[in-house]
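Novice:
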Amino acid sequence: MESCCENVKAVRRSKEEKKLLRKQIKASHTLLKHEGISTVSQPTKSLVVANGGLGNGVSREQLQDVLGEVGEVEILLMPPHKPYALVTYRSEVSAQRGHALNGRQLQRGDQIVTLYLSYVNTVDSELWGCVDLPPGLVLVEEFVSPEEEALLLDAIDWTSHDEDVTVQKVLKHRRVKHFGYEFHYDNNNVDKDKPLPGGLPQVCVPVLERCVRDRHTEVMPDQLTVNQYQSGQGIPPHVDTHSAFEDLILSLSLGAKTVMDFRHPEGRSVAVVLPRRSLLVMKGESRYLWTHGITPRKFDVVPACDPKSPAAVTSDLSNHSNLTLSRRGTRTSLTFRKVRRTPCDCGYPSACDSQQPPAPPSPPFLPRSQTDACRLEAEFVHRVYEEIACHFSSTRHSPWPRVCHFLSSLEPGSILADVGCGNGKYLGVNPDVIAVGCDRSSALVQICSERGFQAFVSDALNVPLRSDTCDACISIAVIHHLSTQKRRQAVVEELVRLLRPGGRALIYVWAVEQEYNKQKSKYLKETRQQGPTGDSTDHNNQESKSLTGNTIDTHNTAQDFSGNTTDAHNTAQDLSGNTTDAHNTAQDFSGNTTDAHNTAQDFSGNTTDAHNTAQDFSGNTTDAHNTAQDFSGNTTDAHNTAQDLSGIATDCTKVHRETESPAKLSIHTNRTAFNSQDLLVPWHLKGGVRGGCNQGRGGDEAQAPAPSPVFHRYYHVFQKGELEELCVRVRGVAIQRSYHDQGNWCVILKKTGDR
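If you use the working numbering, the sequence shown corresponds to residues 6 to 760, in order.
1. Using DSSP bridges, identify the partner residues of I481.
2. Taking the beta carbon of N232 as the centre, do at least 16 other beta carbons fall within 10 Å, making it buried, or is it exposed?
3. Which stretch, first to last residue, makes up the alpha helix (DSSP H) that contains C453?
4. Across which residues does DSSP place E79 in a beta bridge pair?
5. For F397, report the span of its beta strand (DSSP E) as first-last.
6. Could you tell me if W163 is buried or exposed, where buried requires 16 or more neighbouring beta carbons within 10 angstroms of its beta carbon?
7. Just the C-alpha distance for S256 and R373, rounded to the nearest angstrom, thanks.
8. Can you give me the Cβ contacts of Y94 inside the same chain, cut-off strictly under 7 angstroms, excluding the 5 residues immediately before and after it?
9. Spatial neighbours of R407 within its chain, please: CB distance less than 6 angstroms, with the 5 preceding and 5 following residues excluded, ordered by chain position.
10. What residue from E518, K527 and E40 has the CA that sits closest to K725's CA?
11. Which same chain residues end up closer than 8 angstroms to F458 when comparing Cβ atoms and leaving out the 5 residues on each side of it in sequence?
12. Determine, for L156, whether the minimum Cβ-Cβ distance to residues of chain C falls below 9 angstroms.
13. Could you say which of L106, H189, V63 and V738 lies nearest to L504 if we only look at CA atoms?
14. Please go through the same chain and pick out, in chain order, the residues whose beta-carbon is closer than 6 angstroms to the beta-carbon of D377, but skip the five residues on each side of it.
15. Please determine if the segment 36-44 and the segment 61-68 are in contact, where contact requires at least 3 C-beta pairs separated by less than 8 angstroms.
16. Return yes when the Cβ of F341 is within less than 9 angstroms of the Cβ of Q228, no when it is not.
17. Cα separation between N680 and C475?
18. Please report the distance separating the alpha-carbon of A383 from that of A356.
19. Check the C-beta distance from S398 over to H721 and give it rounded, since I have them as a contact under 8 angstroms.
20. Do the segment 296-311 and the segment 253-273 touch if we need at least three Cβ pairs shorter than 8 angstroms?
21. With distances taken between CB atoms, is the gap from G114 to V344 smaller than 9 angstroms?
22. Please list, in chain order, all residues of the same chain as S359 whose beta carbon is under 6 angstroms from its beta carbon, the five residues on each side excluded.
23. Tell me which residues share the same chain as L253 and place their Cβ nearer than 6 angstroms to its Cβ, disregarding the 5 neighbours each side in the sequence.
24. By a C-beta neighbour count over all protein chains shown, 10 Å radius and 16 as the cutoff for buried, is L670 buried or exposed?
25. In three-state DSSP terms, what is Y293?
26. Determine, using beta carbons only, whether V244 and L294 come nearer to each other than 9 angstroms.
27. What does G298 pair with, by DSSP beta-bridge criteria?
28. Within this structure, are the beta carbons of D305 and R333 separated by less than 9 angstroms?
29. Quick check: the Cα distance between L148 and L158, rounded to an integer number of angstroms?
30. Taking the alpha helix (DSSP H) that A160 falls in, what are its first and last residues?
31. Would you report the Cα separation of I479 and G748, rounded to the nearest angstrom?
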């Protein structure tokens, strides 16, 4: 009997070993496919460790402890945001012992990760230099002593609500106090005629005098904003309002360190580690032109040991041999500014509210140039969907059957790109495919992330994925938001570019013909209580997304046709009820909401936090927030540039006259037949909920009830045959099928490869 049991156990071990081998081989295939890393069967001194990377929550110290058990480690490279590491041992014998660690399990928070190790020929240990700080940015470490830090933190009494001294607000993503002048989040400005009686705290005076003495500033600030961030909280990317404050901004980091992301409008980004007790000085270009923000997440990728300035810049984190994860603590920042008394005349008019041209007339005209088209779409597509995202998502819960049929027909393991994924309702239709979505609306991308889908912010005209990689693409109710034929065709070109030869794309656009073959669409048949301009929404049939054209300033306010001022500030609600940056929320390694912009999947199939980067299918890391990599390796701005039909990046400021006598856009009456092809469709926002779900305007905890605003979205509704005509203009595709589906014209394209 004992002999029989021993045989059973031996068989069981053999099955486990076979299962482990299969997973190791699968991990090797994934590395080759997505990262271009080739594994070898013969022993070498170097190994790749799948699932053992910063991108899925394994710290350098944790991995070093395991790898060091079997021999001396010569090189350990941990690329930022990648779910793998590369190790070279001092000897091949040690590497063979390291290879035997295959299947070793590590504790990652409350989860277990399994390491899969394979041999590689070499590890490239060449380290790149750091990217320079933005012009005008200075970081001074250890600016205050631990004793001064304690005094400053004690002086910020969060239990006090003395309105004669300070104004305190509890925002959903942080809590703040204002001294000297209150900063109003509804208009991102200060009332210069209403100073707060208490002025700045006296405990700050010695620190500010030292700033003057050390020549960090020539004038004493008169406004202080104190922000307290709990672990996992952050602030959206923004530029401090030019008209509100003078050039210089001083910011002290107390209590804990963090990483602040700076982004240039052209797409360059620099991540700066702000150590505890450090002073950040922003002036000139870094203050006026670059956005700065803190991605809400529990962990930051930082140098393994506190570096000395200027190596505090993590920039592109290219020094892979010295990176680890740092858990965030509670951080308090003291930001000192000088209130501006005259209009700003800085040298950056494109980002300056004092130098902005007047808003275009409303309602607008049909665009005559690419500049007009960009402006129209920014105002009447992009801004609108940021504002209505939560309400919009609540009306998009039932996938359309014929779209589901297309998705279900895909082979298991197929790669699917949903360009204009909205709230992600199609990303989970076929669980056997690898689905990734993108959308121009950061608030909708956050909703995707909260639902467990992989999605990132991207422009439909320039998707940061490599060419010829997708087995299928879908574009459901997107192209009709492009306001010129050239831009609509460019989106089709982009979809075809993503497809591999033989791949298919499904496109839906809204149809002029809402009554077809003697049958009315659900849009016309649906009866509801009518509002001032018709039905409250078009949500029973038509779904729409905001992902095309140029970036817009989501911190500025705008006015809709009904006269209601709306704020497009990018905040949303994380899973614990805290407001987080709608650009960057997802699930961190312990299940908490963190970076939504970009999630990555580790080799065991677990979704992990990719910390502000997106991985294209060739394995290149791209910044899905601001920059993308074109297919010759050049960095392009995924928000601000588009690809013309020859593949050259073009800016929307280039003028292309398309009509000599533009027509003024009409406002459509919901639930009625269309009387023109280019029009504005009202959306009556229910409950006043804007942007992220349960978000109050400006992020304040309590808000007075406000009337439901009416937003207007631009559409170009397609006539019969127009979509097919648009598609045949694109080289290298064949139309497999076209049909009418509930008020939409639809086509299925197949990439022939003849481009």
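By construction, the Cβ of each residue, glycine as well, lies at the ideal position given by its N, Cα and C atoms. Predicted model only: the values in this text are computed from it and were never measured.
Specialist: Taking the definition as stated:
1. Y513
2. buried
3. S447 to E455
4. BP columns for E79 are empty, so no partner.
5. First-last for F397: R388 to S399, but that is the alpha helix (DSSP H), not the beta strand (DSSP E).
6. exposed
7. 45 angstroms
8. K50, G76, E77, V78, E79, A100 and G103
9. D746
10. E518
11. C426, G429, L432, G433, A440 and G442
12. The structure shown contains no chain C, having only a single protein chain.
13. V738
14. none
15. no
16. yes
17. 38 angstroms
18. 15 angstroms
19. That belief does not hold up - the Cβ atoms of S398 and H721 are roughly 24 angstroms apart, past 8 angstroms.
20. yes
21. no
22. H247, S248, P348 and C349
23. T222 and K288
24. buried
25. helix
26. yes
27. D266
28. yes
29. A quick correction: the sequence has Phe, not Leu, at residue 148. Each residue's alpha carbon lies about 15 angstroms from the other.
30. P151 to A160
31. 18 angstroms
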